[in-house]
Amino acid sequence: MEKDMATLAAPEQTSGLPPAKSPVWAPILKWALVAAAVILCIYLATQLADKGYGLAVVGVAFVAMAVLVVYGTRRNVPAKYLFPGLILLLGLQVWPIVYTAATSFTNYGQGHLVSKEEATKQDIAYSVQQVAGSPTYGLSIAVKDGQDVTSAPLHFLLTDEKGKHFVGDAKGLQPLTGKTEMGIGHLKSAEGYRVLKLGEANKRKDLANFAVPTSDGHGIKASGVSQAFEGAPTLKWDKAKNTLTDSATGTVYVEKDARWVPQSGSASPLPVGWKQGVGFKNYTDLVTNDTIRKGFFGIFAWNMAFAILSVLSTFVLGMLLALLLNDPRIKGRAIYRSLLILPYAVPVFVSALVWASMFNQDYGLINNLTGLDIDWFGDPWAARAAILLTNLWLGFPYMFVVCTGALQSIPGDVMEAARIDGAGPIRTLRSITMPLLLVAVGPLLIASFAFNFNNFGLIYLLTKGGPFVGDSAQIGSTDLLITYAYRLAIDGTNPNFGLASAVAVVIFIIVALLSFPGFLRSKALEEVN
4 MEKDMATLAA PEQTSGLPPA KSPVWAPILK WALVAAAVIL CIYLATQLAD KGYGLAVVGV
64 AFVAMAVLVV YGTRRNVPAK YLFPGLILLL GLQVWPIVYT AATSFTNYGQ GHLVSKEEAT
124 KQDIAYSVQQ VAGSPTYGLS IAVKDGQDVT SAPLHFLLTD EKGKHFVGDA KGLQPLTGKT
184 EMGIGHLKSA EGYRVLKLGE ANKRKDLANF AVPTSDGHGI KASGVSQAFE GAPTLKWDKA
244 KNTLTDSATG TVYVEKDARW VPQSGSASPL PVGWKQGVGF KNYTDLVTND TIRKGFFGIF
304 AWNMAFAILS VLSTFVLGML LALLLNDPRI KGRAIYRSLL ILPYAVPVFV SALVWASMFN
364 QDYGLINNLT GLDIDWFGDP WAARAAILLT NLWLGFPYMF VVCTGALQSI PGDVMEAARI
424 DGAGPIRTLR SITMPLLLVA VGPLLIASFA FNFNNFGLIY LLTKGGPFVG DSAQIGSTDL
484 LITYAYRLAI DGTNPNFGLA SAVAVVIFII VALLSFPGFL RSKALEEVN
């Protein structure tokens, strides 16, 4: 008896098998991935350092250290799963927002893409003219054998009018030795050098500013990719006085609005400007510049109406169809539901192009069937109606699917209790079905509003923002703020990334301010349960 009690009181014995071990390859794979991540960070850091992005180098170094800390020990298990998502969040969400906001405080755009130093060098390079009486050369652009054709130092393989060969780099000009092969007017190959092909040479952004210095202070520059000439710049930069002087015309250029402009006279400003901070100028232009202000507020009003009407129309139609097909007395509901979600299965760009053809005034299906003669894309209000109709077709299947799922999750005994209490269909819909439906659909309505507020694809494919009012080619009757920002930044004749970034920041703030109260209300709906 005592033996039995002792046996019962003794701790449970193990089976004698050794504890489970992870496979041999697991730690090898882990450290290989960690090493690969660190090597990638080192590579990125060196590339960023070469371009002078010191702050980015610090960020990449911090990520490399975090990888070692998180995955190099057995601690911080939750962080091992959260770390990749955190990096993606910072890289793909937070950083674009921060960069866009920072850009909105600059004049970044066409003609203002580089720093003052780089812009001035480009202006000086553009002023280079051939020295009178100087020779011309046959040119082959090359790099040293084994070096990267996209980033290695450039070398000019030159052939003068007498057939002599020279090689020039950033240090100067010297005779070319070794075996060579002559092409048509210039060298085809040279020992120790890799001659760049036409496409490779055109990709070198430093070619336009590259020159081989000569003993008399001039420089040999490329004229195309097969000829070169000895030239000298006519512009001279006086950093102390912060002026540029053109020795050919005597014009003095001074700094104004991030560009070199003539101090007096009728000469044109120099072509290259530079990027600099402008404070809140882009934001104030949205409300003070007459053209931008009228366009911005008009676009904003239509943008709000479009988003609200799109959400309401698609939700109402989707909900009514879901209520109809939720009735068990209807036969073949599965077939009807499958047919109703077909518009959602077709890619948006296909549907938009099909609807654009149907709205054609002369040959479109809609005018031909109805006998109307509406210029759908020439009249502002008709174009807006066409967009809302197209978006209704594209959006109601999503609301139908969501409402169908929400309706099927409503307990049947709740509906039965309502019928027993004498509630009619309208009262049941208003007091029971709708509150329970909005619990599931409320957040999705807010997300749908945010999506339609920035529905770039539909507007661009259907109307491209038109029709345009008056003589303005920048402001369209069906433009949303997002298409307006796109036109300012990319599609216009004078892209302005700074102003477009300011519009993007305003869009972000508007959507956030409008969505936040909606989320608070949707949270209050949870009390229904």
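Anchor point for the sequence shown: position 213 equals 216 in my numbering, and the numbering is continuous, going up by one each time. Where a beta carbon is used, it is the ideal one built from N, C-alpha and C, also for glycine.
According to the Cβ coordinates, are residue i and residue j closer than 8 Å?
| i | j | result |
| --- | --- | --- |
| Val198 | Leu190 | yes |
| Thr291 | Gly268 | no |
| Gly276 | Gly114 | yes |
| Val215 | Leu176 | yes |
| Leu157 | Phe213 | yes |
| Val228 | Ile144 | yes |
| Ala325 | Thr407 | yes |
| Ser504 | Lys278 | no |
| Thr237 | Gln132 | yes |
| Ser386 | Ser271 | Note on residue identity: the sequence assigns Ala, not Ser, to residue 386. Contact flag unset, no. |
Under a three-way DSSP split, which group does residue i fall into?
| i | result |
| --- | --- |
| Glu258 | strand |
| Ile333 | coil |
| Tyr401 | helix |
| Val275 | coil |
| Ser316 | helix |
| Tyr56 | coil |
| Leu247 | strand |
| Ile369 | helix |
| Gln132 | strand |
| Leu517 | helix |
| Asp172 | strand |
| Gly414 | The displayed chain sequence assigns Pro, not Gly, to residue 414. Here Pro414 sits in coil by DSSP. |
| Glu15 | With a pLDDT of 47 at Glu15, under the threshold of 50, the predicted position of this residue should be treated as unreliable, though the coordinate-derived value follows. Looking at Glu15 - three-state DSSP - the assignment turns out to be coil, as it is neither helix nor strand. |
| Lys191 | strand |
| Phe283 | coil |
| Val444 | helix |
| Gly112 | strand |
| Gln177 | strand |
| Gly468 | coil |
| Val548 | In the structure as shown, the chain begins at 4 and stops at 532. Residue 548 is therefore absent and cannot be evaluated. |
| Val353 | helix |
| Val533 | With the chain running from 4 to 532 in the structure shown, residue 533 is simply not present. |
| Ala235 | strand |
| Gly473 | coil |
| Gly301 | helix |
| Gly166 | coil |
| Gly2 | Here the chain comprises residues numbered 4 to 532, so residue 2 is not present and cannot be evaluated. |
When we look at the beta-carbon of residue i and count the other beta-carbons within 10 Å, is it buried (16 or more) or exposed?
| i | result |
| --- | --- |
| Pro414 | exposed |
| Gln411 | exposed |
| Asp126 | buried |
| Pro498 | buried |
| Glu233 | buried |
| Trp34 | exposed |
| Thr17 | A caution first: Thr17 carries a pLDDT of 47, below 50, which makes its placement in the model unreliable, though a value can still be read off. It is exposed - the Cβ of Thr17 has fewer than 16 other Cβ atoms within 10 Å. |
| Asp87 | In the sequence on display, residue 87 carries Pro and not Asp. Pro87 is exposed by the Cβ-count criterion. |
| Asp482 | buried |
| Ile423 | exposed |
| Lys242 | exposed |
| Trp2 | There is simply no residue 2 to check, as the chain begins at 4 and stops at 532 in what is shown. |
| Ser154 | exposed |
| Ala380 | It should be pointed out that residue 380 corresponds to Phe in this sequence rather than to Ala. By the 10 Å Cβ count, Phe380 comes out buried. |
| Met68 | exposed |
| Arg262 | buried |
| Leu356 | exposed |
| Val66 | buried |
| Ala61 | Per the sequence shown, the amino acid found at residue 61 is Val instead of Ala. By the neighbour-count rule (16 or more Cβ atoms within 10 Å), Val61 is not buried but exposed. |
| Ile478 | buried |
Who pairs with residue i in a beta bridge, going by DSSP?
| i | result |
| --- | --- |
| Ser143 | Leu160 |
| Arg197 | Val146 |
| Trp240 | Leu247 |
| Lys119 | Note: Lys119 sits in no beta bridge, so no partner. |
| Trp263 | Glu258 |
| Ser226 | Gln230 |
| Met185 | Leu190 |
If we define contact as Cβ-Cβ less than 8 Å, is residue i a contact residue for chain B?
| i | result |
| --- | --- |
| Ile311 | No chain B is part of this structure, which consists of one protein chain only. |
Just checking, does the stretch 426 to 436 make contact with the stretch 345 to 359 on the three C-beta pairs under 8 Å criterion?
At 8 Å Cβ cutoff, the stretches do not touch.
Between the stretch 304 to 313 and the stretch 449 to 457, do at least 3 Cβ pairs fall closer than 8 Å?
yes
Please determine if the stretch 258 to 266 and the stretch 139 to 154 are in contact, where contact requires at least 3 C-beta pairs separated by less than 8 Å.
no
Using 8 Å as the Cβ pair cut-off and three pairs as the minimum, do the stretch 338 to 346 and the stretch 390 to 406 touch?
Output reads yes: the stretch 390 to 406 touches the stretch 338 to 346.
Are three or more beta carbon pairs between the stretch 362 to 369 and the stretch 280 to 291 nearer than 8 Å?
no
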